[in-house]
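These notes concern the structure reproduced below.
Numbering (this note's numbering), first residue to last: 1 to 109.
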């Protein structure tokens, strides 16, 4: 199962952590749930850092991604809220394969 945790600082989203594999398909290359989550997470992270230009701590490994903003959270809210909405929709459609939660105050990456 893929577990997604969104970090908050007060009312603002400050980052996210994604871990695990969905095992939706036997062949990893056919796993549409994993591909959907990965694609959305990379798009959000790249938009926040490379397009908006905000600083973030990022850690990536097999089946793992942690993205934690440094400093200004407000400029990234629309992107992070869009990611959360997208992943929550996936979790409704594929509840056996993905779970989304929110946590207060993340420690540094």
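Using N, Cα and C, we set each Cβ at its ideal position, and we do this for glycine too.
Practice prompt. Below 8 Å on the Cβ atoms is my guess for residue 69 versus residue 87; work out the distance and round it to an integer in Å.
Written response: Along the chain shown, read from residue 1 onward, the residue named residue 69 stands at position 69. Along the chain shown, read from residue 1 onward, the residue named residue 87 stands at position 87. The pair is not a contact, with the Cβ atoms about 17 Å apart (cut-off 8 Å).
Item to complete: Hey, could you find the ends of the beta strand (DSSP E) residue 15 is sitting in?
Response: Locating residue 15 in the chain shown gives position 15, where the first residue counts as 1. It spans 12-19 - the beta strand (DSSP E) in which residue 15 sits, taken as one unbroken run.
Practice prompt. Consult DSSP for residue 83 and reduce its assignment to one of helix, strand or coil.
Written response: Your numbering for residue 83 matches position 83 in the chain shown. Helix, per DSSP.
Worksheet entry | Buried or exposed by the 16-neighbour rule on C-beta atoms within 10 Å, applied to residue 103 | Taking the first residue of the chain shown as position 1, residue 103 is located at position 103. Exposed, since its Cβ has fewer than 16 Cβ neighbours within 10 Å.
Worksheet item: Buried or exposed: which applies to residue 15, given that a residue is buried once 16 or more other Cβ atoms fall within 10 Å of its Cβ?
Response: Position 15 of the chain shown holds residue 15. Residue 15 comes out buried.
Worksheet item: For residue 11, does the count of other Cβ atoms within 10 angstroms reach 16, so buried, or fall short, so exposed?
Response: Position 11 of the chain shown, counted from the start, is the residue given in the question as residue 11. Exposed is the call here.
Worksheet item: Residues in its own chain within less than 8 Å of residue 97 by CB, not counting five upstream and five downstream?
Response: Residue numbering aside, residue 97 sits at position 97 when the chain shown is read from its first letter. Closer than 8 Å at Cβ, skipping near neighbours: 1, 2, 22, 23, 24, 33.
Worksheet item: Can you pull the DSSP bridge partners for residue 68?
Response: Taking the chain shown and counting its residues from 1, the one referred to as residue 68 is at position 68. According to DSSP, residue 68 bridges with 15, 57.
Practice prompt. Would you mind giving the Cβ-Cβ distance between residue 47 and residue 56, rounded to the nearest angstrom? I have them listed as a contact below 8 Å.
Written response: Within the chain shown, the letter at position 47 stands for residue 47. Within the chain shown, the letter at position 56 stands for residue 56. Residue 47 to residue 56, Cβ: 11 Å. No contact.
Worksheet item: Is DSSP giving residue 9 helix, strand or coil here?
Response: The sequence position of residue 9 within the chain shown is 9, counting from 1. Strand, per DSSP.
Practice prompt. Find out if the Cβ-Cβ distance for the pair residue 100, residue 37 is shorter than 7 Å.
Written response: Against the chain shown, residue 100 aligns to sequence position 100. Against the chain shown, residue 37 aligns to sequence position 37. Cβ distance not < 7 Å, so residue 100 and residue 37 don't count as in contact.
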